[in-house]
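Taken in sequence, the protein lines are chains A, B, C and D.
For the first sequence, the residue numbers in the working numbering are 1 to 380.
For the second sequence, the residue numbers in the working numbering are 381 to 760.
For the third sequence, the residue numbers in the working numbering are 761 to 1140.
For the fourth sequence, the residue numbers in the working numbering are 1141 to 1520.
We treat Cβ as the ideally placed atom computed from N, Cα and C, and that holds for glycine.
There are 4 protein chains.
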Amino acid sequence: MGVPQFKEIRRAYGYDEVAIVPGQVTINPDQTNIEFTLGPHKSAIPFLASSMDAVVSPKVAVLMGKLGGIGVLNLEGVWTRYEDADSVLVEVAAAPQDKATGLLQKVYSAPMKDNLVGQRVQEIKQGGATAAVALTPQNTKRIAPLAQEAGADILVVQATVTTARHISKSYRGLIFAELVESLRIPVIVGNCVTYGAALELMETGVNGLLIGVGPGAACTTREVVGVGVPQISATMDCAAAREEYSRRTGRYVPIITDGGIRTGGDVCKSFVAGADAVMLGTPFAQATEAPGRGYNWGMATPHAALPRGTRIRVGTKASLEQILFGPSNVTDGTMNLVSAMRVGMGMVGAFTIREFQQAELVYAPDIKAEGKVFQMAQGR
Amino acid sequence: MGVPQFKEIRRAYGYDEVAIVPGQVTINPDQTNIEFTLGPHKSAIPFLASSMDAVVSPKVAVLMGKLGGIGVLNLEGVWTRYEDADSVLVEVAAAPQDKATGLLQKVYSAPMKDNLVGQRVQEIKQGGATAAVALTPQNTKRIAPLAQEAGADILVVQATVTTARHISKSYRGLIFAELVESLRIPVIVGNCVTYGAALELMETGVNGLLIGVGPGAACTTREVVGVGVPQISATMDCAAAREEYSRRTGRYVPIITDGGIRTGGDVCKSFVAGADAVMLGTPFAQATEAPGRGYNWGMATPHAALPRGTRIRVGTKASLEQILFGPSNVTDGTMNLVSAMRVGMGMVGAFTIREFQQAELVYAPDIKAEGKVFQMAQGR
Amino acid sequence: MGVPQFKEIRRAYGYDEVAIVPGQVTINPDQTNIEFTLGPHKSAIPFLASSMDAVVSPKVAVLMGKLGGIGVLNLEGVWTRYEDADSVLVEVAAAPQDKATGLLQKVYSAPMKDNLVGQRVQEIKQGGATAAVALTPQNTKRIAPLAQEAGADILVVQATVTTARHISKSYRGLIFAELVESLRIPVIVGNCVTYGAALELMETGVNGLLIGVGPGAACTTREVVGVGVPQISATMDCAAAREEYSRRTGRYVPIITDGGIRTGGDVCKSFVAGADAVMLGTPFAQATEAPGRGYNWGMATPHAALPRGTRIRVGTKASLEQILFGPSNVTDGTMNLVSAMRVGMGMVGAFTIREFQQAELVYAPDIKAEGKVFQMAQGR
Amino acid sequence: MGVPQFKEIRRAYGYDEVAIVPGQVTINPDQTNIEFTLGPHKSAIPFLASSMDAVVSPKVAVLMGKLGGIGVLNLEGVWTRYEDADSVLVEVAAAPQDKATGLLQKVYSAPMKDNLVGQRVQEIKQGGATAAVALTPQNTKRIAPLAQEAGADILVVQATVTTARHISKSYRGLIFAELVESLRIPVIVGNCVTYGAALELMETGVNGLLIGVGPGAACTTREVVGVGVPQISATMDCAAAREEYSRRTGRYVPIITDGGIRTGGDVCKSFVAGADAVMLGTPFAQATEAPGRGYNWGMATPHAALPRGTRIRVGTKASLEQILFGPSNVTDGTMNLVSAMRVGMGMVGAFTIREFQQAELVYAPDIKAEGKVFQMAQGR
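#1: Taking 8 Å as the cut-off, does the region 385-395 of chain B touch the region 612-619 of chain B (at least 3 CB pairs, one atom from each stretch)?
#2: Looking only at its own chain, which residues have a Cβ that is under 7 Å from the Cβ of B:D410, when we skip the five neighbours before and after it?
#3: Determine whether the beta carbon atoms of B:A509 and B:V442 lie at a separation below 9 Å.
#4: Are the C-beta of B:T662 and some C-beta of chain A separated by less than 9 Å?
#5: Scan the region 194-237 of chain A and note each continuous beta strand (DSSP E) run of 3 residues or more that stays entirely inside, going in chain order.
#6: Is A:L116 helix, strand or coil when you go by DSSP?
#7: For C:D1092, would you say it is in contact with chain G, using Cβ-to-Cβ distances shorter than 9 Å as the test?
#8: Go ahead and label D:T1389 buried or exposed: buried means 16 or more other beta carbons lie within 10 angstroms of its beta carbon, across all protein chains shown.
#9: Going along chain A in order, which residues have a C-beta closer than 7 Å to the C-beta of D:T1172?
#10: Between the C-alpha atoms of A:G212 and A:V272, what's the straight-line distance to the nearest angstrom?
#11: From C:D776 to C:P1125, what does the alpha carbon distance come to, in whole angstroms?
#12: Which residues of the region 88-111 of chain A have a Cβ closer than 9 Å to any Cβ of chain B? Give them in chain order.
#13: Going by DSSP, which residues form a beta bridge with A:T41?
#14: Does the count of Cβ pairs from the region 238-253 of chain A and the region 321-336 of chain A closer than 8 Å reach three?
#15: How about A:E223: is its C-beta nearer than 9 Å to some C-beta of chain B?
#16: Considering only the alpha carbon of each residue, which of B:V567, B:P595, B:G594 lies closest to B:M582?
#17: At 7 Å on the CB atoms, spell out the chain B contacts of A:V213, in chain order.
#18: Beta-carbon within less than 6 Å of D:G1414's beta-carbon, same chain only, minus the 5 sequence neighbours each way: which residues are those?
#19: Per DSSP, what kind of secondary structure is A:I185 in: helix, strand or coil?
#20: Taking 7 Å as the limit between beta carbons, can you name the residues of its chain near A:S51, skipping five residues before and five after?
#21: Just to confirm the assignment, what range does the alpha helix (DSSP H) spanning D:A1284 have?
#22: Any beta carbon of chain A sitting closer than 9 Å to that of D:A1415?
#23: In whole angstroms, give me the CA-to-CA distance for A:K372 and B:Y488.
#24: Can you tell me whether D:V1418 is buried or exposed, with buried defined as 16 or more other CB within 10 angstroms of its CB?
#25: Starting from B:Q538, follow the beta strand (DSSP E) in both directions and report where the run begins and ends.
#26: Within the same chain, show all residues whose beta-carbon is closer than 7 Å to that of B:M492, passing over the 5 residues directly before and after it, in chain order.
#27: Based on Cα-Cα distance, which residue from B:A680, B:T668, B:W677, B:V728 lies nearest to B:E701?
#28: Would you call D:D1238 buried or exposed, if buried means 16 or more other Cβ atoms sit within 10 Å of its Cβ?
#29: Nearest to C:E941 by CA position, among C:T922, C:A957, C:N875, C:P905, is which residue?
#30: Would you be able to state if there are at least three C-beta pairs under 8 Å between the region 713-721 of chain B and the region 410-429 of chain B?
#31: Name the DSSP beta bridge partners of A:R11, please?
#32: Determine the burial state of D:N1255: buried for a count of at least 16 other Cβ atoms within 10 Å of its Cβ, exposed for fewer.
#33: Does any residue of chain C bring its CB to less than 9 Å from the CB of D:Y1392?
#34: Within 9 Å (strictly less), CB to CB, does C:Y1005 reach chain D?
#35: Three-state secondary structure (DSSP) at B:F731?
#36: Under three-state DSSP, which class holds D:M1204?
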């Protein structure tokens, strides 16, 4: 009788399953340096706002720049489909929940207008911020040059799953090596979650990677198609690829954990797992200034035949500045994310993000449970 | 002192514990081929509808055929016990919940009528579809020839647990080798969940296996008798048997994951675990055309002395066509299952089901939890 | 720097975490033999009713005997403290929940009356049943002879945790070897949960062991003192001790899993983990004839200073006969436990309990979850 | 291609995941000795009350001493900021929940008054109790001498995470070796959770360690900054450091598990994991005499910019004496903690705390679940 060949199943970890272990040295939070460098651009804080219509408008991109981070504008959303995009967003926010998916499908069926691409980029530039813009692979070759022409500083090429090799009969796949060659500005590509895919993408010459498939609050890719990897493991694997690629070539390609981050704890864990920066959606959709006006939805939601994610009510919490820099008036970790990051770095004795990446994680699923049981015992 | 011999306990995985890892190559969903072949029969889509009275009527079998799949009619349910089976189903749907189990026990105590066997088969054939019919081992020897005579194309022999060897004093066990020998049509046998049982069943010459004991929504076998194996592991083990048997004999016996599938994600995971096709109950019981009229119940529910499972309210969601091919108006993955399958294949770079079976799975129990915690924080 | 010595933590399994794997042979349930032998006593079914006041009265002991099992009467409960014990039980059942623990503490502070020991034993004998009676180690030496004198057939010596060696300054510990020597009737001792403790107890010459610390529904030993081992692992470990002891000495000491069993599934899993018989509390407290009248409480509940567990409402379900032999009118596995056991044996191909002990278990925590998620999706 | 270097993730355990395995010998609880020795101070019971304003006032410190334990007064809380601290506490207890964090932030912004330090110490000494007082590292060098001068017996230096090496540009880090040298009284330092940090701290000459980061009910450090280790693993690791340090030097530095303990079960598990004593917050905040008047809050709650934790309603349960020594009128393990500890020791056959530390733990997450499922089945 032969030996059966069973598929192996690796363990993957998410935010709620791990905790950071304090270090043997501690430092004062004000000693920490959290700068993030991407090509020629240096950001004071390693926070990016997701290229979602509910999160980043040209105005929010300007504000993010002033606060030291980067807001990524989606060039395939309402801002390039409608002159008066704000009215459309007001309409989406006003729709009853059972009409939301249908309305979003309609809103996103309007055609993109090339002239709006340059206009939106210039709105951000005029505000004095780094203009980072996002496109899907299908539209990149055509629109990226327009965006660069208009002054875009960073290009993000983003799809649910992106690899160095894509096979299609309907269009010639985007060749990242050619793209990087043809542009003057840094290119961030994503999303990916594995060592192998990350390494191949780095080898094409791109300047940064987005890490994350499946975990975002406004995304249900895992339910709909079963695909996804929890963020801690995804970040760890892609960080291993970054180290390996850097060892071989001397070039350091930063990775940006994107999706599922809700609290300062999640931010810290992302860096300990290996991130160089983090990209947040829902936490920034909760800002007073957010174009989603208290709602968020994934950009795959309006898919005509297979919507993933839905418009969810996220509420409005505080100004973007307060969400990033406090003071916090809540105690659940969803505000003052920058201080939380510095305090966490202090507890593990990390002066820099590179040192923060060396801290230890434990698999500790039940700490929360301990608190919960207590509260249940109190009838609360 | 002797060394104690402790029983070993293997880890088994279910749908909610695993996720599919994206591949290093991606392909466009429209490049995928999802045909399913069983003996001389080729189906456009690898979807079977379960042989449950709430799921498949002769009409639904015809409709499934038109849509490219296969609906399996139970030859021991209401359709062979009652001329006017539809009235009985209406009565079941109308019963209050606390009377449901008792009514089902009564309904299924009516005798089977041999003349209805041929009639039901012909109803399906006249509709132009492949006629697949299901029997339990006890009744197979007597009724299978009648069904074949009437034109049945595929025979499914199904019990909660089926093995190549069954010992009984009340009747001579069904010998599958003899059965296969005596019939001209392909025989699918199930259910089984282990490498050993699957291998032995393949060795009897059967043409396909149903995989799954315990996981169905309408079944409580695990509570009542403690027996069951989660579907991912069951499928992985039986797929290993299929490969081993094929390596030895050159004959490829497809396996069909049956039970517990609710979403496109579950469909995709079944294939990645090794399935050649999937059999669904509850998702199809939610079709407008389903004979259960918004309810489902397992065929063990009406057991006279030891009922397992109950009539559960599943609701009515959309037409069978929309459940299979969309468009989806929900975002939870329960509609447009065929697109979901193709999109999943694209994300792992699989052109065929055989390639889809090679994708990687991770054990990732908490991704859902991440979303859930977020929603709780929002008070929703 | 030295190598740190960390404590090792073994994995232990409970009922809800495991499932039974179907076998490669199946047999008809009516082929199974489930007799249980303890010394000279042979029971038709391997079911014992716990020595709890809410579960076994002299009448219930007689009824259990008629049904083929064994009801164990607690000789330190209300039946030896009160002539008219039934009135006391009525009073307990009538008490409001917030007075229950206090009332139980008062009820059990009444002194035991030696004359009632013999009277209760005779009530059982006159009913024609095997008289099994339970004592704690502290009272065994004094009362066991009285019970044997009155005709008791089986003595159960039971405490939360029982070992072959107990050290006390307040009384000379009970020496089991001496006890067994001094009595003519079989002695069952418990509870224990480890290989080592079970082996030592067997070496004292006792005739059976009760397995289980912590898991009972009416017991909160694990919360209050942190001590407990889940039943599957406890049974597996003690079964390993039984095999080892039998290998060495040729004497077979049956083990009885006691505590936490609620369903036919739990019954089956206990045997697959290695049990020779099972002892049930709550499921029998739900019988129409149960003295608890819809309530149950652990015998540690009334502890004067450190009560563990509480009076819990268990409801009244059906007659004891129906709970054991069906037919079942529920589908959750809590009735017709004997059929469930036979059906489970059939699915793994076990003719006898000894063969049932050889079946395979998998660690499969999520099967339930699959069903649950489905139901949540249905808003039920 | 290089071999990827993935970060390793160790498993860490919390209270709800483990259970204590009964021993092969049992002893009567009244045989146990639970004395705790810290330098020249011997306590009858190894219980400390946390240095939280809601838990320990000078009066409670006196009462704890009378009961055989130690109450630690926080010298940076309301008692050194306000002459009439009790009025402030009354005000905090009276505030509505949505104002609580803000009020606490205001209350703790008042300056500390040096003259109150001595006064509070003397209030405890005059009550006849050991005066144990707590300071943060920042204030220790200045205030510790004042406290010692006033008669303090034990100094606790406490921060969320404390290491032997702390780097700050705003102040010269506290050097524990110098501190220990400069004081006559024993110094307890914390909190720490790892083998390495504990070993380094012991090497500075301190007399005891507090173990625990993250798990307390009134603390959300893990949510806010992601840092924390479950208590069982933290205690096990630091106990290993204690053993190693003692092996090398002959000096025994007791470790005190601090945070997350709610029940007698948690107390017992802490000792089995290796603790020499336990420090409790919430259970003592539930005492009639507690200054929190039914509330508790962590000392990080009022942080001006990054509040962690919140004021939680814990209720008032019984007198401090009854919580420690019973009798218990509840059955959930939250009262009569000393008896619970002795009963637990009896079940594993431990005469002393050193022996209790040798007992076995199993990872057994589901025992609770078993009970829960039962209760759900009962609709309760």
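Answer, in terms of the structure:
#1: With a cut-off of 8 Å, the region 385-395 of chain B and the region 612-619 of chain B count as touching, because enough Cβ pairs lie within range.
#2: Result list for B:D410: empty, nothing under 7 Å.
#3: One thing to note: B:A509 has its Cβ within 9 Å of the Cβ of B:V442.
#4: No, because no Cβ of chain A sits closer than 9 Å to the Cβ of B:T662.
#5: Complete beta strand (DSSP E) runs here, min 3: 208-211.
#6: In the three-state reduction of the DSSP assignment, A:L116 falls in the helix class, which pools H, G and I.
#7: In the structure shown, chain G cannot be found, because the protein chains are A, B, C and D.
#8: With fewer than 16 other Cβ atoms within 10 Å, it is exposed.
#9: When 7 Å is used as the limit between beta carbons, D:T1172 is near no residue of chain A, the shortest such separation being about 27 Å.
#10: Distance from the CA atom of A:G212 to the CA atom of A:V272, rounded to whole angstroms, is 16 Å.
#11: Distance between the alpha carbons of C:D776 and C:P1125: 7 Å.
#12: Close to chain B, meaning a Cβ-Cβ distance shorter than 9 Å, are the following residues of the region 88-111 of chain A: T101, G102, Q105.
#13: Just to set this straight, residue 41 of chain A is His in the shown sequence, not Thr. Checking the DSSP bridge columns, you'll see A:H41 partnered with A:L38.
#14: Too few Cβ pairs lie closer than 8 Å, so no.
#15: Judged by the 9 Å Cβ criterion, A:E223 is in contact with chain B.
#16: Checking every option, the nearest Cα to that of B:M582 belongs to B:V567.
#17: Those within 7 Å of A:V213 in chain B are P402.
#18: By the criterion of a C-beta distance shorter than 6 Å, D:G1414 is surrounded in its chain by T1375, M1376, A1379, Q1497, once the five residues flanking it on both sides are discounted.
#19: Judged by DSSP in its simplified three-state form, A:I185 adopts coil rather than helix or strand.
#20: Answer for A:S51: V72, L73, N74, A134, V156, Q158, listed in chain order.
#21: 1277-1289 is the span of the alpha helix (DSSP H), which, as asked, contains D:A1284.
#22: False, the Cβ-Cβ gap to chain A never drops below 9 Å.
#23: Unreliable positioning characterises A:K372 in this predicted model, as indicated by a pLDDT of 36, which lies under 50. A coordinate reading is not provided.
#24: D:V1418 should be labelled buried.
#25: From DSSP, the beta strand (DSSP E) with B:Q538 extends over 534-538.
#26: If we look at B:M492 and ignore the five residues flanking it on each side, its Cβ neighbours are E456, T460, R461.
#27: Nearest C-alpha to B:E701: B:T668.
#28: Taking a 10 Å sphere around the C-beta of D:D1238, we find fewer than 16 other C-beta atoms and assign the residue as exposed.
#29: In terms of CA proximity to C:E941, C:P905 leads the group C:T922, C:A957, C:N875, C:P905.
#30: The region 410-429 of chain B vs the region 713-721 of chain B: in contact.
#31: Under DSSP, A:R11 forms a beta bridge with B:Y743.
#32: Residue burial is scored here from C-beta neighbours: D:N1255 has fewer than 16 other C-beta atoms within 10 angstroms and is therefore classed as exposed.
#33: It does not; no Cβ of chain C falls within 9 Å.
#34: For C:Y1005, the answer is no, since every Cβ of chain D falls outside 9 Å of its Cβ.
#35: Correct three-state label for B:F731: coil.
#36: In the three-state DSSP reduction, D:M1204 falls in the helix class (H, G or I).
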